[in-house]
Amino acid sequence: MSMEPAIKQDRVKVVNDPIYGMMHLNKKLFRIIDSPIYQRLRDIKQLGGMYMVFPGAAHNRFEHSIGTAHITGLWLKKLRKGKKDLYSKQDILHAQVAALCHDLGHGPFSHMFEDVFVNQQGKCWKHEEAGCHLLRLIVNECDKENDPDFRQDICDMFGKPTERLDILDKITCMIQGKVWEKDPNRPFLYQIVANKLNGIDADKLDYLARDTHSAALELGFSIDRLIEFSSLKEVEGKGLVVCFHRKVSHNVWNLFKSRHSLHKEVYSHTVVEGIELMIADVFKSARSATRFDLSHMLEFTETSLHQYGLLTDCILKEIERADPEVEKYNSDADKGCLDLKRAQFIINKLRRRKLYTCVAEIKVVVNEDLLTTKKKIKDNLNKEQAPKLRKQLREELCRSFNPAQRALKRRRISENANPDSPVTPRTTSIQTLVTSPCVISEGGQVSVDDMFRITTRLFDMAEFDSKNVAFYEHSDDAKGVCMPQLFASKVIPEAYIRVYACDRSLLEEIKEAALKTVKGDLSLNLYVSPKAIRASSVYPEEDHDHLDGVADLN
Numbered sequence: 042m043s044m045e046p047a048i049k050q051d052r053v054k055v056v057n058d059p060i061y062g063m064m065h066l067n068k069k070l071f072r073i074i075d076s077p078i079y080q081r082l083r084d085i086k087q088l089g090g091m092y093m094v095f096p097g098a099a100h101n102r103f104e105h106s107i108g109t110a111h112i113t114g115l116w117l118k119k120l121r122k123g124k125k126d127l128y129s130k131q132d133i134l135h136a137q138v139a140a141l142c143h144d145l146g147h148g149p150f151s152h153m154f155e156d157v158f159v160n161q162q163g164k165c166w167k168h169e170e171a172g173c174h175l176l177r178l179i180v181n182e183c184d185k186e187n188d189p190d191f192r193q194d195i196c197d198m199f200g201k202p203t204e205r206l207d208i209l210d211k212i213t214c215m216i217q218g219k220v221w222e223k224d225p226n227r228p229f230l231y232q233i234v235a236n237k238l239n240g241i242d243a244d245k246l247d248y249l250a251r252d253t254h255s256a257a258l259e260l261g262f263s264i265d266r267l268i269e270f271s272s273l274k275e276v277e278g279k280g281l282v283v284c285f286h287r288k289v290s291h292n293v294w295n296l297f298k299s300r301h302s303l304h305k306e307v308y309s310h311t312v313v314e315g316i317e318l319m320i321a322d323v324f325k326s327a328r329s330a331t332r333f334d335l336s337h338m339l340e341f342t343e344t345s346l347h348q349y350g351l352l353t354d355c356i357l358k359e360i361e362r363a364d365p366e367v368e369k370y371n372s373d374a375d376k377g378c379l380d381l382k383r384a385q386f387i388i389n390k391l392r393r394r395k396l397y398t399c400v401a402e403i404k405v406v407v408n409e410d411l412l413t414t415k416k417k418i419k420d421n422l423n424k425e426q427a428p429k430l431r432k433q434l435r436e437e438l439c440r441s442f443n444p445a446q447r448a449l450k451r452r453r454i455s456e457n458a459n460p461d462s463p464v465t466p467r468t469t470s471i472q473t474l475v476t477s478p479c480v481i482s483e484g485g486q487v488s489v490d491d492m493f494r495i496t497t498r499l500f501d502m503a504e505f506d507s508k509n510v511a512f513y514e515h516s517d518d519a520k521g522v523c524m525p526q527l528f529a530s531k532v533i534p535e536a537y538i539r540v541y542a543c544d545r546s547l548l549e550e551i552k553e554a555a556l557k558t559v560k561g562d563l564s565l566n567l568y569v570s571p572k573a574i575r576a577s578s579v580y581p582e583e584d585h586d587h588l589d590g591v592a593d594l595n
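Residues in the sequence shown are numbered consecutively from 42, following our numbering.
Structure representation (structure tokens):
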């Protein structure tokens, strides 16, 4: 990037970045960056399990957060030109602190931890809230420093102890993208790091540039151009907000097209999703082992926050190295030992690339009445479509699967069974298998519920609200105007339900059961891709007879 802030060199540190080149950051920010809790971000992959599919996607939350702070500083300095009475350099510093810490609360493998592991436990927990608590913990730790210069820098950023609560509340609002109640006349300050109004913010600008670079793709818009042609204008009903020159409207549109493409083609890659489902299963299996129970770390107490502040992607290696025999000294010894072995077995499959495989992708045709909100589409997927398919698929597997034949087949080939498997095939009787919904698979005795996973995906541009993006014609215009007509093109939401086989030795059975399940539902019609069943789901009242028919699935 070409823009460089005019800051005195004795007050800045220069960081060389592959995206922006030389980034000039206020030295005071490094009081936060150089803290143990913040440094953990070096060990949390920005894109979670995507690194195992796209080798270039090796960047971490650490560099993304610093890049976001850099963009925040550039943008606010540009907007302040000629309007220095609107906000101070101290406001810019607070916004950069918010940018630095906006992802501080991420857990292992980034969004995977929150979207898959936390949500499956039914907990209401957000990484933004965790990050705000961790920032307060960092500030409290900094107050204990003996160095007077250090303490002075903390006071410069967060004020005296009597002012600190207010400033931390202000920074928290910047992280969460909501206007601070004590500062209602400057909404733009709370839309730079996280913009809940129209989705155009420093966080998005950095992660799109960084993720695209790491995946060896081309960025479809210019960050320099967006910042250069932005200005603060009054907009009716919205107050003083960031507006863009009309001539960069296509650049704005390309920003969200880039995000949509990344989500559809990279972030939601079927192999990436299968890997992250495996990692989530590792966490769930290992949690009955006392030392790997992560649920207590989701509490916002000082003790749990200190423990969470040590949690990184390295937890996978710790589980892999752990000795299951140690669990025998705990109260629930047998379960802890067995579950830890199961977690290690899944990691071993991950290392040997025996991944959960997508055998079916069911496309849900979104009705006009569902186009109104993203929430309606997600509710339809997660509360109606996916549970219905899960129940039908389970019943089909229980009905059609022949566990006796599977057991005989496995016994013939497993005389030298893996001793590290949670349960060895030889220890399970055929009679038990026939009378219970379990099978012998690569990992030992597995219940039908462990044979498959079902996920939902929604690809849309709901975050881009064209009605809330304001433009101006001339730089001296006093007001900005929202022009949704500039964005006539619409991206129709696409919703998918995916079925994953958890064991490749069961892949054909699960694929066949999924096919029977979908064919048996009159609301589902199929079309096929070479490697997976692909189905198009419609609502019963619609007529889509032209989609009937199934091609060869081999």
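All C-beta atoms, glycine included, are put in the ideal place defined by N, C-alpha and C. All values derive from a computational prediction rather than experimental measurement.
Original post:
Taking just the CA atoms, how far does K274 sit from C523?
Top reply: So the two alpha carbons sit approximately 11 Å from each other.
Original post:
Looking at the structure shown, is H65 part of a helix, part of a strand, or coil, going by DSSP?
Top reply: In the structure shown, H65 sits in a strand (DSSP, three-state: E or B).
Original post:
Looking at C-beta atoms only, is the number of pairs between the region 173-183 and the region 62-76 that lie closer than 8 Å three or more?
Top reply: Contact between the region 173-183 and the region 62-76 is present, because at least three Cβ pairs lie under 8 Å.
Original post:
Start and end of the beta strand (DSSP E) containing Y513?
Top reply: In the DSSP assignment, Y513 falls within the beta strand (DSSP E) that extends over A511 to Y513.
Original post:
By how many angstroms is the C-alpha of Q193 removed from the C-alpha of E186?
Top reply: Take the alpha-carbon of E186 and the one of Q193: they are about 10 Å apart.
Original post:
Which partner residues of Y231 appear in the DSSP bridge assignment?
Top reply: Beta-bridge annotation (DSSP): Y231 is not paired with any residue.
**OP:** Following the continuous beta strand (DSSP E) through V313, name the residue where it begins and the one where it ends.
**Re:** No beta strand (DSSP E) holds V313; the alpha helix (DSSP H) holding it covers T311 to A327.
**OP:** Inspect the beta-carbon positions of K376 and S329 and report whether they are closer than 8 Å.
**Re:** Contact: yes.
**OP:** Out of A519, F500, I403 and E425, point me to the one whose CA is closest to Y541's CA.
**Re:** Per the Cα distances, I403.
**OP:** Using DSSP bridges, identify the partner residues of T497.
**Re:** DSSP, once it has assigned bridges, lists I538 as partnering T497.
Original post:
What is the rounded straight-line gap between the Cα of T253 and the Cα of L88?
Top reply: Approximately 11 Å, taken between the alpha carbons.
**OP:** Answer yes or no: do T398 and L548 have a C-beta to C-beta separation smaller than 8 Å?
**Re:** In contact: T398 and L548 (Cβ atoms closer than 8 Å).
Original post:
Any idea which residues DSSP pairs N101 with across the strands?
Top reply: BP columns for N101 point to K86.
**OP:** Would you check if the region 290-301 and the region 243-263 touch, i.e. whether three or more CB-CB distances between them fall below 8 Å?
**Re:** With contact defined as three or more Cβ pairs closer than 8 Å, the region 243-263 and the region 290-301 are in contact.
**OP:** Pick helix, strand or coil for N595, following the three-state DSSP scheme.
**Re:** Because the pLDDT at N595 is just 27, under 50, the model does not fix this residue reliably, and the point stays unresolved.
**OP:** Could you check what DSSP says for V180 in three-state terms: helix, strand or coil?
**Re:** The answer is helix: DSSP assigns V180 an H, G or I state.
Original post:
What number of angstroms, rounded off, separates the C-alpha of P525 from the C-alpha of V510?
Top reply: Distance between P525 and V510, taken at the CA atoms: about 8 Å.
**OP:** Please confirm whether any heavy atom of the ligand FAD lies closer than 7 Å to the CB of L115.
**Re:** Ligands displayed in this structure: none; no statement on the ligand FAD is therefore possible.
Subject >> Proximal residues to Q232 (C-beta, below 6 Å), its chain only, five neighbours per side dropped >> reply: Around Q232: L238.
**OP:** Can you have a look at A555 and say buried or exposed, based on whether 16 or more other CB atoms are within 10 angstroms of its CB?
**Re:** A555 comes out buried.
Original post:
Around the C-beta of G350, are 16 or more other C-beta atoms found within 10 angstroms, so that it is buried, or is it exposed?
Top reply: It is buried - the Cβ of G350 has at least 16 other Cβ atoms within 10 Å.
Original post:
Across which residues does DSSP place E275 in a beta bridge pair?
Top reply: Beta-bridge partners assigned by DSSP to E275: L281 and K520.
**OP:** Look at the alpha carbon of W166 and the alpha carbon of G146, and state the distance between them as a whole number of angstroms.
**Re:** Distance from the CA atom of W166 to the CA atom of G146, rounded to whole angstroms, is 10 Å.
Subject >> Three-state secondary structure assigned by DSSP to N292 >> reply: Helix.
Original post:
Identify the residues that DSSP records as bridge partners of V56: which are they?
Top reply: Note: V56 is bridge-paired with M64 in the DSSP secondary-structure output.
Original post:
Of the choices D518, M91 and S546, whose alpha-carbon is the least far from that of M256?
Top reply: One detail in the question is off: residue 256 reads as Ala in this sequence, not Met. For A256, the nearest C-alpha among the options comes from M91.
Original post:
According to DSSP, which residues form a beta bridge with H286?
Top reply: DSSP lists Y513 as the bridge partner or partners of H286.
Original post:
Q131: which of I208, H174, I320 and D490 sits nearest, CA to CA?
Top reply: Closest option to Q131, Cα to Cα, is I208.
Original post:
If you count every other CB in all the chains shown that lies within 10 Å of the CB of S516, and 16 or more means buried, which is it?
Top reply: S516 should be labelled exposed.
Original post:
Would you report the Cα separation of L127 and V283, rounded to the nearest angstrom?
Top reply: Using only the alpha carbons, I get a separation of about 13 Å.
Original post:
Excluding sequence positions up to five away, which residues of its chain have a Cβ less than 6 Å from the Cβ of K552?
Top reply: Cβ neighbours of K552 beyond the five flanking positions: V400.
Original post:
Would D242 be called buried (16 or more neighbouring beta carbons within 10 Å of its own) or exposed?
Top reply: Counting Cβ neighbours within 10 Å, D242 comes out buried, since at least 16 surround it.
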